[in-house]
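The structure under discussion appears below in the form of structure tokens.
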Amino acid sequence: MNVRSIAKWLLIGFAALLVAVMIGGYAMYRYHVRTSGLEAAQQWARMAPLPDSASGLVIETRGGPFTREFTIRFNAPSNDVNSWLDKSPGTSELKPVVNGNIRVYTVEPGGGAMHAEVMVDDDLGSVSIHTFWS
Numbered sequence: 033m034n035v036r037s038i039a040k041w042l043l044i045g046f047a048a049l050l051v052a053v054m055i056g057g058y059a060m061y062r063y064h065v066r067t068s069g070l071e072a073a074q075q076w077a078r079m080a081p082l083p084d085s086a087s088g089l090v091i092e093t094r095g096g097p098f099t100r101e102f103t104i105r106f107n108a109p110s111n112d113v114n115s116w117l118d119k120s121p122g123t124s125e126l127k128p129v130v131n132g133n134i135r136v137y138t139v140e141p142g143g144g145a146m147h148a149e150v151m152v153d154d155d156l157g158s159v160s161i162h163t164f165w166s
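Quick note, this note's numbering runs 32 ahead of the 1-based positions in the sequence shown.
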């Protein structure tokens with residue numbers, strides 16, 4: 033093997049390593065954003081941990097250094113959702129605004145948030161938690 037061939041293989045190896053590190057770093061970043069988003073939304077809306085039966089979990093994070101917004105969506109059986117709402121400090125004492133099969137709880141936010149709201153669609157068995165601060 034000559035020097036050019038060795039240099040070429042070293043460059044290819046370095047490029048492959050760089051790509052692997054970037055992919056791994058991105059995966060770790062997304063995991064951190066997902067985990068911290070769920071924790072912040074639960075704290076800001078003063079909600080208990082999600083029911084064990086929660087499925088289809090979606091966590092959306094928006095904002096920058098001066099604003100932050102989280103929307104958490106999941107599905108769960110109606111009995112589990114109602115039990116979760118009763119266990120949650122943010123919703124346990126609230127009467128929701130009912131519009132058809134949708135219940136909206138406007139929660140007194142915690143953790144420095146400016147807004148917290150929980151929407152429950154009883155037909156679909158879906159729940160949405162929306163919180164933000166600015």
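For each residue, glycine too, the CB sits at the ideal point set by N, CA and C. This structure is a prediction, so every number in the text was calculated from the model and none was measured.
Take the Cβ of residue i as the centre, count every other Cβ of all protein chains shown within 10 Å, and call the residue buried at 16 or more, exposed below.
i: Thr99; result: exposed
i: Gly45; result: exposed
i: Gly88; result: exposed
i: Leu117; result: buried
i: Ala148; result: buried
i: Val150; result: buried
i: Val159; result: buried
Nearest to residue i by alpha carbon, out of the options?
i: Ser68; options: Ala148, Thr103, Gly157; result: Thr103
i: Leu70; options: Ile161, Ala48, Asn107; result: Ile161
i: Glu101; options: Gly88, Trp41, Ala73, Gly157; result: Ala73
i: Asp155; options: Val130, Met146, Ser166; result: Val130
Which same chain residues end up closer than 7 Å to residue i when comparing Cβ atoms and leaving out the 5 residues on each side of it in sequence?
i: Asp153; result: Asn133, Ile134
i: Pro128; result: Arg135, Val136, Tyr137
i: Ser120; result: Arg78, Met79, Ala80
i: Met146; result: Phe164, Trp165, Ser166
By Cβ distance, which residues of its chain are closer than 6 Å to residue i, with the 5 residues on each side in sequence left out?
i: Pro83; result: Ala108, Asp112, Trp116
i: Arg105; result: Val90, Ser160
i: Ser39; result: For the sequence presented, residue 39 should be read as Ala rather than Ser. Contacts found: none.
i: Ala47; result: none
Kindly list the residues whose CB is nearer than 8 Å to the CB of residue i, restricted to its own chain and excluding five residues on each side of it in sequence; keep chain order.
i: His64; result: The predicted position of His64 is uncertain, since its pLDDT is 49 and thus under 50; a value taken from the coordinates is nonetheless stated next. Within the same chain, His64 has no close Cβ partners at all.
Handout entry: the segment 67 to 82 touching the segment 128 to 148, judged by at least three CB pairs closer than 8 Å
Key = Yes, they touch.
Practice task
Please list the segments of the alpha helix (DSSP H) lying wholly inside the segment 97 to 142, counting only runs of 4 or more residues, in order along the chain.
Solution key: Runs of the alpha helix (DSSP H) lying entirely within the segment 97 to 142 and spanning at least 4 residues, in chain order: 110 to 119.
Handout entry: Segment contact, 8 Å Cβ cut-off, at least three pairs: the segment 84 to 101 with the segment 130 to 138
Key = no
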